[in-house]
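Going line by line, the protein sequences match chains A and B.
The opening residue of the first sequence carries number 69 in our numbering; numbering runs sequentially from there.
The opening residue of the second sequence carries number 6 in our numbering; numbering runs sequentially from there.
We put the beta carbon where it would ideally sit given N, CA and C, even for glycine.
In this text, all values refer to a predicted model and were calculated from it rather than measured experimentally.
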Amino acid sequence: MNAESLLVLLYVLVLASFIGFELISKVPPTLHTPLMSGSNAISGITIVGAIVASGSLHWSVSKGLGIAALLLATLNVVGGYVVTDRMLKMFKKKK
Amino acid sequence: MEKDLLIKIAYLIASVLFIVGIKMLGKTATARRGNTLSAVAMLVAVLATLLDSQVLSFTEIFVTILIGSAIGLIAARRVEMTSMPEMVAIFNGFGGASSVLVAASEYWRLAHEADLSMPVVVGVTVVISIIIGAVTFTGSMVAFGKLKGLINGRSVTFGGQHALNAVLFVAALALSVMVVLNPNDEIWMIGVIGVGLLLGILTVIPIGGADMPVVISLLNSYSGIAACATGFVLNNQVLIITGALVGASGIILTQIMCKAMNRSLINVLLGGFGQTSSGAAAAGGEEIVVKEVGVEETAMLFDSASSVIIVPGYGMAVAQAQHVVRELTDLLEKRGTSVKFAIHPVAGRMPGHMNVLLAEANIPYDKLIEMDHINDEFANTDIALIIGANDVVNPAARTNPGSPIFGMPVLNADKARTVIVCKRGMSAGYAGIENELFGYPNCLMLFGDAKSSMTKVVSELKEMVTA
């Protein structure tokens, strides 16, 4: 990775952080728990890295670590989204 | 080359969907669709990654994803709403662990398997990702243990704790430098992982149960930052963007929780109310004289009340009393009594915990009112019913400068004409301090398990209706 591409990544980081702060500071307290478990599911995005790491053809240490990462990330993603959906289902408008 | 571009475009689409999804998650009307949208974004990201030219073996990937999904699905379906904090804590830990493993895998590939040297930038980001991920993992496991009661929920402190943490922190830095300088010598890497794991345990162990909402949201933030750092390791924008979103969300919630307790983050991290409370209790010394009330009398009070504010707390969650509270609400409203719920930001064990429990019991969310909006109403209210809450209604926070919670914003439940406290016994709340409210002349104690007491009150009330 050269300095230039690092800089681009830093731009991405800074802008994304600002968007994050803007979006989340407006969330009402009622939705704090679903927001948290939803964003928790999103942090399972490491699943992307885990797939790359576990995708090599030959068994090796890095592949083993990748498979373990993939298992945990998938658990985090699927469990997080399902439980958030379960919670949000309860927040529907009452007649 | 074409495939590479396709993947990049897919990641861009996924990032946009994540951002829109989170935006929609901020409004009750669209929240569920927002969550679905962000799940779609995740799917897009995963499918795009499968196109990566480094991904050659699909069987292992599909089998692993299948197993992970099955476990996640079953766990998410089965968990009780009351155990939501534990669930979030443990999943958070998995997210952190996954970041550690991905970074370690990339490190190993570069340092030992590929014939490549490890550039300094990659080395630095690998180390950052591993330390934050490791702290998230063990920290979340300790939080999980505390919430589940496997580990003592109180603040655990010992002499020289801060010094030890400082030493570990310096050690982590030194080991990191060694990793970057000698990437092919894995002993340093193992050292970094070990110190990171230990730091996670030691930083969460001193934090008491009352501060759990802060810890949970802080760890949530860490898991995002860890994912973000992993994005730098892999030169992957979608990881950085989503990691930053999660990191920001965790930091904001942490800030809200700290403000709700009038404490700084540093203060929370260095160990809870625990130490100060013993001193204050000894100094206070005065015995609080309480008035007990029975279920019949409680029902009679409700019978003649025209306005009620209910203050729920963790005790309601533990007793699973939210459904019978709903019954009580319905019954009172049928008689024309106004019923509202006052929600303190740190009631429960995670941000917004009470809102979820009451929503589970079908209590409309427009009845749940935030502290700042309801505090003035207590003075015009006949009954404040406190169920399993303690510290968040302690008037000492307003009146007693010597109290460890002095300055913490609390619900003014004591200003109501009559206060009924439903509680199992006289034990202090999680902050470990006496509540002088219990000795107030307008305060009545209804001792017993919240669920069974409330059930009895409801059936008494029903009899009064028919009589």
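Check: For K28/B, return the contacting residues in chain A, with the cut-off set at a CB-CB distance below 7 angstroms.; Outcome: L91
Check: Using a beta-carbon distance below 8 angstroms, is I24/B in contact with chain A?; Outcome: yes
Check: I want to see whether chain B comes within less than 8 angstroms of L133/A, judged by CB atoms only; does it?; Outcome: yes
Check: Between Q242/B and A455/B, what straight-line distance do the alpha-carbon atoms span, to the nearest angstrom?; Outcome: 50 angstroms
Check: Output needed in chain order: residues of the region 244-258 of chain B with a Cβ under 9 angstroms from some Cβ in chain A.; Outcome: L244, I245, I246, T247, G248, A249, L250, V251, G252, A253, S254, G255, I256, I257, L258
Check: Could you check which residue in L10/B, T342/B, L30/B, F142/B has the C-alpha nearest to that of D308/B?; Outcome: T342/B
Check: Determine the extent of the beta strand (DSSP E) in which M104/A is found, giving its start and end residues.; Outcome: From DSSP, M104/A is part of no beta strand (DSSP E) but of the alpha helix (DSSP H) over 100-110.
Check: Flag E111/B as yes if its beta-carbon sits less than 8 angstroms from any beta-carbon of chain A, otherwise no.; Outcome: yes
Check: Nearest-angstrom Cα distance between A285/B and S408/B?; Outcome: Confidence is the limiting factor: at A285/B the pLDDT is only 40, short of 50, which leaves the residue's position unreliable and the question unanswerable from this model.
Check: Is there a C-beta anywhere in chain A that falls below 8 angstroms from the one on N187/B?; Outcome: no
Check: Are there 16 or more other CB atoms within 10 angstroms of the CB of H358/B, so buried, or fewer, so exposed?; Outcome: buried
Check: Is L52/B helix, strand or coil by DSSP?; Outcome: helix
Check: Can you tell me which of S43/B, I210/B, A364/B, T130/B puts its alpha carbon nearest to the alpha carbon of A322/B?; Outcome: A364/B
Check: Is the shortest distance between the beta-carbon of L75/A and the beta-carbons of chain B less than 8 angstroms?; Outcome: no
Check: Decide if D419/B is buried, meaning its Cβ has at least 16 other Cβ atoms within 10 Å, or exposed.; Outcome: buried
Check: Going along the chain, which residues of the region 338-371 of chain B sit with their C-beta nearer than 8 angstroms to a C-beta in chain A?; Outcome: I348, P350, M355, P356, G357, H358, N360, V361, A364, E365, N367, P369, Y370
Check: How far does the alpha helix (DSSP H) with F411/B in it reach, from first residue to last?; Outcome: Run containing F411/B: none; DSSP gives neither H nor E here.
Check: Can you list the residues of chain A that I76/B reaches, using a CB-CB cut of under 7 angstroms?; Outcome: L143
Check: Going by C-alpha distance, which of V84/B, A179/B, D335/B, G252/B is nearest A231/B?; Outcome: G252/B
Check: Taking P317/B and I392/B to be in contact with their CB atoms under 8 angstroms, please state how far apart those CB atoms are, rounded to whole angstroms.; Outcome: 5 angstroms
Check: Within a Cβ cutoff of 6 angstroms, which residues of the same chain sit near A148/B, ignoring the five residues on either side of it in sequence?; Outcome: A94, V209, V220
Check: Tell me, please, which residues DSSP counts as bridged to L390/B.; Outcome: I315/B, I425/B
Check: Check the Cβ of L5/B against every Cβ in chain A and list those closer than 9 angstroms, keeping chain order.; Outcome: Shown here, chain B extends from 6 to 472; a query on residue 5/B therefore has no answer.
Check: In three-state DSSP terms, what is V132/B?; Outcome: helix
Check: Who are the neighbours of D57/B on chain A, taking C-beta pairs under 8 angstroms?; Outcome: I119, V120, G123
Check: Name the chain A residues that come within less than 8 angstroms of M47/B, Cβ to Cβ?; Outcome: A109, I110, G112, I113, I115, V145, Y149
Check: Between which residues of its own chain and A265/B is the CB-CB distance below 6 angstroms, once the five residues before and five after are set aside?; Outcome: P350, V351
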